[in-house]
Every structure is written in C-alpha cells, then in structure tokens.
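Residues 592 to 676 in our numbering are what the sequence shown spells out, letter by letter.
Just so it is clear, CB atoms sit at the ideal spot from N, CA and C, and this is done for glycine as well.
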Amino acid sequence: MIRNDKTAVPTPEMLAALGAGHVAYVKPIMSEDAMRLYPQLGEIRPGLKLFTLNAADGTPIMIADSAEGAVANAWQQELVPVSLH
C-alpha cells in the first residue's frame with residue numbers, strides 16, 4: 592500500500608489481486624479483436640459481437656457468443672460474474 596498524503600492508495604498489484612479466484616468479469620469484444628488477441632481461435636466472421644469471461648486479473652477464461660453464456664460459465668466455475676461496459 593502506498594501512502595499519498597493522508598490516504599492509502601493500493602498498488603497496481605494489490606488491485607490486480609482483488610477478487611482472484613472469486614470474481615470474473617464479462618466484457619464485450621468484436622470478433623476482429625478476438626482473432627487478434629486470441630490467434631488460436633482461427634477464422635471468425637468479422638463484425639460479430641462476442642463476450643469474454645476474464646479472471647479478476649484479466650486472464651482470459653473463455654469466449655462466448657452471448658453474455659448469458661459467459662455468465663453461465665462463470666457460475667459453473669463458482670465465480671461471481673460482473674460486467675464491464
């Protein structure tokens with residue numbers, strides 16, 4: 592923890608560890624970005640809106656074609672899903 596005047600400011604490492612193993616976030620992503628970020632996906636039709644499920648630290652867990660699918664996967668893995676906009 593870093594002290595900034597009279598307030599304590601968490602370090603980036605501390606923020607990244609929040610929710611580790613308990614929280615995952617769902618984030619929309621376009622198929623073009625998904626292919627660039629995850630080349631193992633192979634070819635996907637451009638212009639599709641997909642949804643990623645990521646661990647609290649940003650580690651990708653899975654990609655789904657619906658937000659509901661990503662949320663369901665989070666619950667199956669006993670993670671609390673949150674959405675990012």
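So, residue i versus residue j, is the Cβ gap smaller than 7 angstroms?
i: Ala615; j: Leu644; result: yes
i: Asn637; j: Ser622; result: Inspection of the sequence shows that residue 637 is occupied by Pro rather than by Asn. Yes. Within cutoff.
i: Ile635; j: Met626; result: yes
Any idea which residues DSSP pairs residue i with across the strands?
i: Ser674; result: Val617
i: Met654; result: One detail in the question is off: residue 654 reads as Ile in this sequence, not Met. In the DSSP output, where bridge partners are listed per residue, Ile654 has Thr643.
Let me know the secondary structure DSSP gives residue i once reduced to three states.
i: Ala646; result: strand
Which whole-angstrom value is the C-beta distance of residue i and residue j, which I expect to be below 8 angstroms?
i: Pro672; j: Val617; result: 6 angstroms
i: Ala655; j: Ala661; result: 4 angstroms
Could you pull out every residue in the same chain whose Cβ sits closer than 7 angstroms to the Cβ of residue i, ignoring the five residues on either side in sequence?
i: His613; result: Leu670, Val671
Quick one: what's got a C-beta closer than 6 angstroms to residue i's C-beta in the same chain, skipping five residues either side?
i: Ser674; result: Val617
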